[in-house]
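Novice:
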Amino acid sequence: MAACSVHGAMSGIGKLNSWAELWVQVQGHMQARGAHPAQTVVLLPFFQLQAVARQSWAQTQGAAGGFAPRIETSTSWQRRIAHFAPDALDVSFDAGLDAVRAKGWLARAGLRDHGALLEARLVEAAQQLGALAAAMPPAERAAWAAGLRGVMGGGVEGMLGHEAPSFAQLEAAVARIALEWAAASSYAGDVLFDEISGTHPSQARVQALIVVRGVQRNLLAECLAQHMGDQALVLDLPNFAMGQISVQTADHAEDEAERAAACIIAHLSAGRAPVALPAIDRLATRRISAMLLGRGISVMDETGWKLSTTRAAAGLMSLLRAAAPHATQDEALDWLKHCAVNQGQVQRFEHELRQQNSHIAGINAAQKAIEFTVNGDAQPWPQLLISLRRDRSLAQWLRDLQAALRISGQWMQLQGDAAGKQIMAALHWLSPDAQIILHSDASHMSLSEFSTWVQTALEGASFKPAVQAAQPQVVILPLAQLAGRPFAAAVIAGCDELRLPAAPDVLGEWTAAQRKALGLPSRENQALEQQEVWRRALQVPKVDVLWRQTEGDEPLQASPLLRAWLQSHLPELGQDARLEREVLAQPAHMPAPQAAELLKDGSIALTASSYSDLRACPYRYFALRLLGLQEARELDETLSKRDFGAWLHAVLADFHVQRQRETHEAQDRELLDACAAHQQQAMLCDEAGKMNAGFVPFAASWPQVRESYLLWLQNHEAGGWRFESSELDAKRQLPDAGAWLKGRLDRVDVLSGSGAQAYAVIDYKTESDASLKARVADPLEDTQLVFYAALLGQESVQALYLGLGEKQATEVPQKSVNEALPLLLTGLASDAQRIAAGHGLPALGEGKACDYCAARGLCRKDFWAQA
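In terms of numbering that gives the first Met the number 0, the sequence shown opens at residue 0 and continues consecutively.
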């Protein structure tokens with residue numbers, strides 16, 4: 000049996016041009032059927048029309064006196080008759096409850112092991128079929144399901160004997176289970192069929208039913224009308240004349256939001272209120288709403304947004320994330336910042352964690368200072384997280400989660416927050432009926448599974464803020480709910496091809512045959528419906544239509560609906576409603592601080608990296624080196640190539656120090672591996688000896704790196720070079736310059752032979768060969784090797800980078816080091832003298848020096864006046 004359809008005499012009324020004409024038709028139908036208004040129901044498509052309908056009745060028919068018909072929606076009508084509580088087998092259309100029910104249905108079908116893959120699919124399919132089943136009389140559902148079993152596939156029985164069912168078989172099983180689930184369910188609208196049949200004990204029989212159709216199909220209303228036969232009348236919402244339409248194009252998303260907000264403000268200034276703002280693009284709508292609220296304009300949002308995106312939900316989920324066995328320190332800190340604890344102690348704990356040289360004792364002391372009070376006793380906060388790590392039933396999870404929230408102080412925060420109260424409802428802490436269903440699920444869930452269930456429940460619920468004004472100036476609503484409502488103006492933003500397509504996406508994983516058998520709308524049907532939604536939206540007296548022409552770097556076309564409309568209409572070209580205003584310029588000039596007073600004993604100490612900062616940008620040197628400002632260290636960082644380089648430096652230093660005591664070259668490979676293992680344990684393993692997982696890719700490449708280094712070492716020593724020292728701390732004073740040079744040299748080698756000794760400064764790198772060759776191209780730009788040569792203080796010095804890669808170890812020498820050395824020393828002395836004399840340190844950075852600069856937010860280069 001397909002879904003109900005309305006046809007024949009019930010759909011024979013022509014277009015109505017006003018609510019007054021609609022009420023004339025209603026009066027005529029009541030008189031023709033001898034129906035009393037108290038036993039006449041006018042069924043509207045959505046509840047916001049109830050106030051409009053009642054007001055128009057009072058204006059057009061109320062003056063004559065007498066009773067008014069019952070103006071309802073299907074939901075308000077059902078709630079007026081009886082309270083409905085779904086039982087443990089029903090499709091409830093509640094994301095959380097249906098996820099629990101889906102587990103039970105899959106278990107009964109023998110598919111418990113496939114729950115992670117199938118639960119969400121089963122809920123989606125069951126809710127879609129449930130909407131169809133809910134629209135028909137309860138007595139007809141069994142026959143409806145029987146007629147559909149053939150197109151749903153073999154179901155579970157077709158999988159018997161298969162150890163590993165195919166995905167197609169699992170899809171067929173989901174469809175069959177969803178059909179049985181939907182057919183076996185009771186629904187809130189069932190009492191409406193009882194009332195129109197006169198079988199409900201507490202209600203008199205409905206004598207006449209008038210269904211007012213909106214622009215989107217309402218299956219339940221259609222089936223109720225069909226069930227009543229000629230006692231029912233189906234009318235369309237009144238059609239109004241097309242409004243005055245203006246179209247604007249915007250350059251990008253921000254431009255579109257600003258233009259839309261300006262249009263709304265212009266309408267309100269002209270006395271046109273309320274203004275409708277359809278929520279086509281949720282992000283753009285939020286931007287526009289924020290601008291309006293900033294101007295003191297009252298906004299009512301009828302659409303809401305996902306409950307999971309609220310701050311209250313973020314606080315709740317932070318507890319579950321922090322309780323996970325492998326939670327990061329950042330996740331623990333995020334949760335503590337939502338708790339009712341001394342936030343100063345939390346900041347101290349975070350500070351200790353982020354310090355590069357922080358001691359374990361300091362971290363532990365800061366951690367222990369953060370405590371919860373439980374029945375008058377202090378409880379360490381990690382203990383609360385540990386208590387949430389064992390498996391338990393869903394009902395027990397909800398009890399224990401509530402207890403944990405009470406201990407952390409988050410429960411009181413939820414109770415005092417509008418979104419928090421809706422979270423309590425979504426998780427059924429406040430619903431005795433739902434608690435019975437949740438207690439019926441005896442299966443145990445892990446913390447991960449429970450966290451997924453909570454996220455599902457919050458994703459499936461919408462947060463709708465309370466109305467702040469009795470008559471809001473702006474109403475955010477779905478585009479389809481513009482029809483029939485008395486808005487003075489509408490601003491429709493987001494009318495581009497991405498956000499307003501010709502037809503919405505077809506939902507569900509049904510085949511074409513299944514969609515046809517079920518009576519689900521095809522894409523063609525949805526396109527026709529979308530066209531009607533668009534046509535009705537343009538019936539507001541004043542309409543501004545906006546669409547952006549770009550999405551990032553990609554061009555955008557207007558919506559197909561808008562393009563089709565423009566082919567037969569000549570709209571007004573919309574004007575940018577933003578008002579220009581003069582603002583006095585307050586230019587910010589390039590900062591150039593002085594630093595003479597920061598120098599200790601009037602002298603300046605420079606390292607190779609700090610001098611590189613000074614040359615790249617004097618302001619960066621001032622901020623990061625002289626003031627000592629640093630970026631906060633990231634917690635729980637994953638290992639990077641830089642960490643691999645630090646480990647490799649330590650391995651080679653250890654290797655060469657120990658190798659000086661060895662006499663057999665054949666032991667080099669074994670000794671190098673032993674040093675690698677020792678440094679890995681010291682630098683990259685936790686207290687239990689487990690290696691950081693981020694080091695696994697680097698560990699895999701170690702054999703190739705080792706072999707390439709040993710081959711280079713063999714050739715290097717064959718040329719007469721021998722290891723002298725590694726990780727050498729060096730310091731040198733520049734005479735009459737008030738400057739000290741200091742640094743740590745990766746490695747110094749000596750050339751054996753007659754005459755004066757020659758020295759080589761070697762700096763290990765894990766960069767590519769091309770990058771190293773680019774470094775040494777200009778000795779006056781890359782000063783690192785020249786700086787190290789100056790620190791060594793020898794007359795004859797060679798300097799080179801040693802690239803350590805998997806394929807080969809590559810020497811990249813700085814051939815002009817001895818020529819560049821006096822120039823570097825002269826420049827160092829000059830720079831030190833100028834800083835000591837009080838010269839400015841301007842922010843002169845360019846290119847990459849600014850792209851990756853920690854001081855960029857201090858110098859605020861993007862806001863300088865351009866001289």
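Just so you know, even glycine gets a beta-carbon here, dropped at the ideal spot from N, CA and C.
Bridge partners for GLN247 per DSSP, in chain order?
Specialist: LEU545
Novice: Between VAL274 and ALA536, what straight-line distance do the alpha-carbon atoms span, to the nearest angstrom?
Specialist: 13 Å
Novice: Can you give the beta carbon distance from VAL345 to LEU352, rounded, assuming they're within the 8 Å contact cut?
Specialist: VAL345 to LEU352, Cβ: 11 Å. No contact.
Novice: Could you give the first and the last residue of the continuous alpha helix (DSSP H) run that contains ALA699?
Specialist: 695–717
Novice: If we count Cβ pairs, one from each stretch, closer than 8 Å, do we get three or more for the region 69–76 versus the region 34–42?
Specialist: yes
Novice: Could you tell me which uninterrupted beta strand (DSSP E) segments, each at least 3 residues in length, are contained entirely in the region 501–578, listed from first to last along the chain?
Specialist: Counting only runs of 3 or more, we get 541–547.
Novice: Any idea if TYR800 is buried or exposed, counting beta-carbon neighbours within 10 angstroms, 16 or more meaning buried?
Specialist: buried
Novice: Can you tell me which residues form a DSSP beta bridge with ALA604?
Specialist: TRP739
Novice: Shorter than 7 Å, the distance from the beta carbon of SER611 to the closest heavy atom of the ligand HEM, or not?
Specialist: Absent from the structure shown: the ligand HEM. Ligands present: none.
Novice: Going by the DSSP bridge assignment, what does SER725 pair with across the sheet?
Specialist: ARG746
Novice: Do the CB positions of VAL544 and VAL190 come within less than 8 Å of each other?
Specialist: no
Novice: Hey, quick one: how far does the alpha helix (DSSP H) through THR372 stretch, first residue to last?
Specialist: For THR372, there is no enclosing alpha helix (DSSP H); the enclosing beta strand (DSSP E) covers residues 370–373.
Novice: DSSP on ASP235, reduced to helix/strand/coil?
Specialist: Here ASP235 sits in strand by DSSP.
Novice: Looking at the strands, I want to know which residues DSSP matches up with THR39.
Specialist: ALA207
Novice: In terms of residue numbering, what span does the alpha helix (DSSP H) encompassing LYS640 cover?
Specialist: 640–658
Novice: In whole angstroms, what separates the C-alpha of TRP22 from that of GLU118?
Specialist: 47 Å
Novice: Buried or exposed: where does TYR851 fall if 16 or more other Cβ atoms within 10 Å of its Cβ makes it buried?
Specialist: exposed
Novice: Among the candidates MET241, MET290 and ILE279, whose CA atom is the shortest distance from the CA of ALA261?
Specialist: Restricting attention to MET241, MET290 and ILE279, the CA atom closest to the CA of ALA261 is found in MET290.
Novice: Please name the residue or residues paired with ARG614 in a DSSP beta bridge.
Specialist: In DSSP, ARG614 forms no bridge with anything.
Novice: Give the straight-line distance between the Cα atoms of ALA456 and GLN127, rounded to the nearest whole angstrom.
Specialist: Whole-angstrom Cα-Cα distance: 17 Å.
Novice: Can you give the Cα-Cα distance for PRO471 and ALA482, rounded to whole angstroms?
Specialist: 18 Å
Novice: Kindly indicate the opening and closing residues of the alpha helix (DSSP H) around GLY103.
Specialist: 94–107
Novice: Between which two residues does the beta strand (DSSP E) containing ALA480 stretch?
Specialist: It should be pointed out that residue 480 corresponds to Gln in this sequence rather than to Ala. It is not in any beta strand (DSSP E) - GLN480 carries neither H nor E in the DSSP assignment.
Novice: On the DSSP letters alone, give me the boundaries of the beta strand (DSSP E) that MET299 sits inside.
Specialist: Bounds of the beta strand (DSSP E) holding MET299 are 298–300.
Novice: Which value, in whole angstroms, describes the spacing of the CA atoms of TYR763 and ALA717?
Specialist: Going by the C-alpha atoms only, they are around 20 Å apart.
Novice: Quick one: give me the first and last residue of the alpha helix (DSSP H) that ARG405 is part of.
Specialist: 393–407
Novice: Mapping the DSSP letters down to three states, classify LYS336 as helix, strand or coil.
Specialist: It is coil, neither helix nor strand.
Novice: Whole angstroms are fine: how far does the CA of ILE406 sit from the CA of LEU338?
Specialist: The question names Leu, yet the displayed sequence has Cys at residue 338. If you take the alpha carbons of CYS338 and ILE406, they lie about 9 Å apart.
Novice: At the level of alpha carbons, what is the spacing between LEU527 and ALA502?
Specialist: The straight-line gap from Cα to Cα measures roughly 8 Å.
Novice: In whole angstroms, what is the alpha-carbon distance linking GLN525 and GLN225?
Specialist: GLN525 and GLN225 have their C-alpha atoms spaced approximately 22 Å apart.
Novice: What is the residue span of the beta strand (DSSP E) that GLY802 lies within?
Specialist: Start and end: 796–803.
Novice: Helix, strand or coil, according to DSSP, for ILE279 in the structure here?
Specialist: coil
Novice: For ARG30, which of helix, strand or coil comes out of DSSP?
Specialist: Before going further, note that residue 30 is Gln rather than Arg in the sequence given. It is helical.
Novice: Can you tell me whether ILE263 is buried or exposed? The criterion is at least 16 other CB atoms within 10 Å of its CB, across all chains shown.
Specialist: buried
Novice: Which ranges would you report for the beta strand (DSSP E) in the region 54–78 if only whole runs of at least 3 residues count?
Specialist: 69–71
Novice: Ordered along the chain, which non-local residues of its own chain (more than five positions away) have a Cβ less than 7 Å from that of LYS640?
Specialist: Excluding residues within five positions, the ones whose Cβ falls inside 7 Å are THR765.
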